[in-house]
Every structure is written in structure tokens, then in C-alpha cells.
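Below is one structure; the comments refer to it alone.
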Amino acid sequence: MNRFTLPRDLYFGKGSMEYLKTLKGKKAVMVVGGSSMKKFGFLDKAIGYLNEAGIETKLIEGVEPDPSVETVLKGAEIMREYNPDWIISMGGGSPIDAAKAMWIFYEHPEKTFDDIKNPFTVPELRNKAKFLAIPSTSGTATEVTAFSVITDYKTEIKYPLADYNITPDIAIVDSELAETMPKTLTAHTGMDALTHAIEAYVATLNSPFSDPLALQAIEMINEYLLKSYEEDNSAREQMHYAQCLAGMAFTNALLGITHSMAHKTGAVFHIPHGCANAIYLPYVIDYNKKIALDRYAFIAKRIGLAGDTNEELVDSLTELIRDLNSKMNIPLTLKEYGVNEEEFNSKVAMIAERAVGDACTGSNPRSITKEEMEKLFKCTYYGTKVDF
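In case it helps, the numbering used here puts the sequence shown at residues 240 to 627.
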């Protein structure tokens, strides 16, 4: 028996953050990252709307990129002291992911991070609070997913927490927030969204429910990403919706080894997640096509790429991805990114082993050994062809 889970309500369109005026409750914690939401006035606007709703608000500010276990536990402690009935997070994937994990320890202080770091080990939530997410970037789609990525910096491991319990109750997808993204962030988050959609379409749990969402997201990203990168606000609105569709697809179909690789190198080499996905995706497609050739070829056909055979269609797809990377100043290899060769070679075996054990590896269409993963990483470092 399979399952398909989304937030109960999703509000979208420019100005949809105004929904906060109608929220029912007494106390909310607002979790945010750096200063951008404050700088552009969105934080004050949200607090104003909550005041209109009669909801008292406490801020948890300064969540770092790739949030740590320590940040999560500290935030949960603040929540336990304040006792909110709503947890609201606004910003990029990092503050929303952190807020999801804080929610777990707010409601279950007896748990440790080790208790919940494996997939589907989160206890029942909503005993104390509900969760509302407002994304400001167009990539992670954490506002509609059952995932939260938290980093243990002591071990240099990123853990993708996965459990339907942490799917938000409400998502507000207001593209006005995404209009403020700098170009590099637009590129990285856009390629993250494309990776989500492509991996969801070929993942082992793909279904008639997730496939249409993944394909529509791929079509929209193909049409609007470069325009969004050039700061076209109408294109940014469409990208904000496309990344959300991709999130709905992958939270149910799951992902693959592009994400496994990005999780495990992101923590060690400090590569932004979307950038890592963009580098790895064409190599992973070449690895997976022995099993998923027809599905990748269908994606290529759907967006009008050239090719008389499935092999040619898939080559067109990987070429499209590399072309997008080049046009948005994303490196094509780890070496080009700047990862030190000596450090890479000293750590690649360890990283490969961790990537094989990542939660996303199990839903990849083609199985992979530690030795194959190490070879795949070397291809992505030197830019050599995947032929195994």
C-alpha cells in the first residue's frame, strides 16, 4: 500500500501571505534565517498580519545555512519556554528545515537527535502546535515536503530527516518573496528544483499521482529558469510554483543518488546544495540510464529535445542540464568548483560509503555499491564519462 501526502492547505499567488490575518491561535513562534526577510519588509508584514489575527509572536532569528543539530535543540528549548500553538517559518530551506526539526523536540523533549535521524522515526506531532511554512526561495519546496535536512558538524554528515509527520499543515507560496533572490541563489535553487522533479520521475516510488507533478515542474523549469535568473519577475512567479510542484512529486515518489551525493559532499566540502545537485545530475543520469532509459527519454520528448533514439534523447537531456549550468555560471565538475584534488582523493572513499548509506539511495532506480559510488564521484571530479 502506497501513500500520497501534502499539506492540508496551500495558498499561492502574489500577496497570499495576507492569509496570516485569518489564522486561528494564541501564540506563534516565527523562525527565520539571516536578515533578508527583515531587510525587504516581509518579516514585519507577517508579524503585522499575525497581530491582526490576535496572535502573539516570538522570533527565533539567525538560523544558519545548513542548520546544525545545536541550532535545532536551542530553538526547541525556546519553544518549550514560550509554548506556541503555531510554528511558522519564513525564508529559504534552512530556516524551514530547522523549524521542522525544532518542532519535533518541542513536542518530544525526551527524544535525542539519534532517535529521529533515520527515516520514519519521528513520533506523532500536533499535540502542541501546527506548522506553517512560507518559502522565499524557489528550490527546496520544504513547505510541502516530509523532509528536513540537518547537519551534524561534529561528524560532517548531513542527515535528511524524513517522516510524513513533519509535512507542514499550511504552505503559503507567495512569489513576492522570491523576487528578492540574488542571481546565484536563483541558479542554485532552480537547479535543485529541476533535480527534484527529474529524480522524482525516475525514483522507485514514482506513481500516477506523482508523475504529472514532476513532468509539469520540468516543463515549467525548462521554460522559466533562465528568465528567472535574468531577474524577470513574472518568470520568478512561475518558478516559485514549479519548485512547489516538484516538491509535491518528490516528497511522495522520493529521490535518488544525486541527492545522496550532494548531502554527503555538502557537509565536507561546503558546496551549496543546489550547486552540488546541478554538478552531479548529468553524471547520475548517465549512471541510471541502464535501468531508467525510457523514463529519461520521455522527459526529453516532453520538453521537445532532439533525438531519434532513446539514447540520443537522454544525451540531449544531459546536454541541456550542462548548458543550463554553463549559462548560470555553475561549475561542471567538482574540480572546477574548487575542491582540492588531494583532499578529494583522501576523502572520496569515506564520502562514497556515506552516500551509499544516505536515505535517498534506497529509492534510486539503479542500485549502487560503495565501489561504484566512488567511481561516480571521480567522474564528477574530473569530468570523465560514466560508462559503467
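The C-beta atom is built at its ideal place from N, Cα and C for all residues, glycine as well.
Where do the N-terminal and C-terminal ends of the beta strand (DSSP E) with residue i fall, by residue?
i: ASP413; result: First-last for ASP413: undefined, no H or E at that position.
Which partner residues does residue i have in the DSSP bridge list?
i: PHE386; result: ALA401
i: THR296; result: ALA267
i: LEU371; result: ILE327 and ILE409
i: ASP632; result: For the chain, the structure presents residues 240 to 627; residue 632 sits outside this window and is missing.
i: SER274; result: SER274 is not bridged to any residue.
i: SER307; result: THR390
Under DSSP, the alpha helix (DSSP H) around residue i begins and ends at which residues?
i: TYR519; result: 512-541
i: ASP336; result: 332-346
i: PRO451; result: 450-468
i: ASP630; result: What is shown of the chain runs 240 to 627, which leaves residue 630 out entirely.
i: ALA417; result: Element bounds for ALA417: n/a, residue is neither H nor E.
i: PHE583; result: 580-595
i: TYR576; result: 573-576
At the level of alpha carbons, what is the spacing between residue i and residue j?
i: LEU289; j: MET256; result: 10 Å
i: TYR345; j: ILE409; result: 19 Å
i: ALA598; j: MET612; result: 15 Å
i: ALA594; j: LEU532; result: 23 Å
i: ASN366; j: PHE281; result: 29 Å
i: GLU320; j: PRO451; result: 44 Å
i: LYS503; j: PHE243; result: 27 Å
i: SER274; j: GLY301; result: 8 Å
i: ILE405; j: ALA380; result: 13 Å
i: ALA368; j: ASP324; result: 4 Å
i: TYR526; j: ASP626; result: 7 Å
i: LYS277; j: ASP283; result: 7 Å
i: GLY622; j: LEU615; result: 10 Å
i: GLY495; j: VAL308; result: 24 Å
i: GLU469; j: VAL412; result: 21 Å
i: GLU551; j: ASN491; result: 30 Å
i: ALA436; j: ILE326; result: 28 Å
i: THR351; j: HIS479; result: 34 Å
i: ILE294; j: ILE373; result: 17 Å
i: ALA501; j: SER602; result: 15 Å
i: ILE542; j: ILE530; result: 21 Å
i: TYR371; j: GLU382; result: First, the amino acid is wrong: residue 371 is Leu here, not Tyr. Between LEU371 and GLU382, the C-alpha separation is close to 8 Å.
i: ASP391; j: ALA481; result: 30 Å
i: LYS609; j: ILE590; result: 9 Å
i: HIS498; j: GLY287; result: 38 Å
i: LYS574; j: MET269; result: 39 Å
i: LYS624; j: THR394; result: 31 Å
i: ALA385; j: TYR398; result: 13 Å
i: SER606; j: THR310; result: 34 Å
Which of helix, strand or coil does DSSP assign to residue i?
i: SER567; result: It should be noted that the sequence gives Met, not Ser, for residue 567. If DSSP states are grouped into helix, strand and coil, MET567 belongs with coil.
i: ALA474; result: helix
i: TYR250; result: strand
i: SER377; result: coil
i: SER196; result: The requested residue 196 does not occur in the structure, where the chain is confined to residues 240 to 627.
i: SER499; result: helix
i: THR351; result: coil
i: GLY314; result: helix
i: HIS509; result: coil
i: THR425; result: helix
i: LEU615; result: helix
i: THR188; result: This structure cannot speak to residue 188, because the chain is shown only from 240 to 627.
i: PHE243; result: coil
i: ARG319; result: helix
i: CYS599; result: coil
i: GLY200; result: Missing from the structure shown is residue 200; the chain here goes from 240 to 627 and no further.
i: ARG365; result: coil
i: VAL441; result: helix
i: GLY207; result: The first residue shown for the chain is 240 and the last is 627, placing residue 207 beyond what the model contains.
i: LYS356; result: coil
i: SER446; result: coil
i: LEU493; result: coil
i: LEU262; result: coil
Do the region 542-561 and the region 474-484 touch if we need at least three Cβ pairs shorter than 8 Å?
no
Count Cβ pairs between the region 520-527 and the region 484-493 that sit closer than 8 Å; are there 3 or more?
no
Three or more C-beta pairs below 8 Å linking the region 336-352 and the region 305-317
yes
Does the pairing of the region 439-451 with the region 419-429 give three or more beta-carbon distances under 8 Å?
no
Quick one: any contact between the region 558-575 and the region 584-599, if contact means 3 or more CB pairs under 8 Å?
no
Are at least three pairs of beta-carbons, each pair with one atom in the region 451-471 and one in the region 495-509, less than 8 Å apart?
no
For the structure I just gave you, are there three or more beta carbon pairs, one from the region 256-275 and one from the region 355-364, closer than 8 Å?
no
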